[in-house]
Amino acid sequence: MIEVAVALLIVCAAAIYWYARLFPQGWGRLRTAVGLSAPQPTISKGCGGCSGCDRSGKGGCH
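Sequential numbering from 1 applies to the sequence shown in my numbering.
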């Protein structure tokens, strides 16, 4: 009986993982509906704030 419970937990965890990976907007709405806070997106400066970036249009950084 314990084996069945462990297998069920593993299957549920895998289903939640893949749902969150494949449908990030739906996962965010589901988390908000349940009352959990959605993770805040990080805002990066990108390469614009880097003084070593190649701005000649050839691409590349440093």
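C-beta: ideal position from N, C-alpha, C; glycine also. Note that the structure is a prediction, hence the values are computed from the model and not measured.
Would you check if the distance between the CB atom of residue 29 and the CB atom of residue 37 is smaller than 9 Å?
-> no
Alpha-carbon to alpha-carbon, residue 10 and residue 2 = 12 Å
How long is the line joining the alpha carbons of residue 7 and residue 14, rounded to whole angstroms?
-> 11 Å
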